[in-house]
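See structure below.
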């Protein structure tokens, strides 16, 4: 049986949880789920966890330009 739990359409309202080590947890989730994930995975008093909007994380990682070279050639990402 295939696990289809993680198959969903990405939304600009989705968030990526980033651990203090820099590990980004996927799939992107809603803000409520992101807060719950941080609460479950972090130790008491631990700092450095980040909840980042998906679009901002992808922009910071230069996601579109690397994944879709045609967009880069057309100047669509960094125009």
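In this note's numbering, the protein residues as written are 1109 to 1187. Virtual Cβ for every residue (Gly too), placed ideally from N, Cα, C.
- For residue 1158, the enclosing beta strand (DSSP E) begins and ends at 1158–1161.
- Counting the other Cβ atoms within 10 Å of the Cβ of residue 1134 gives fewer than 16, which makes it exposed.
- At the C-beta level, residue 1137 and residue 1160 stay beyond 7 Å of one another.
- In this chain, the alpha helix (DSSP H) harbouring residue 1147 covers 1139–1149.
- With distances taken between CA atoms, residue 1122 lies nearest to 1140 out of 1140, 1129, 1131, 1128.
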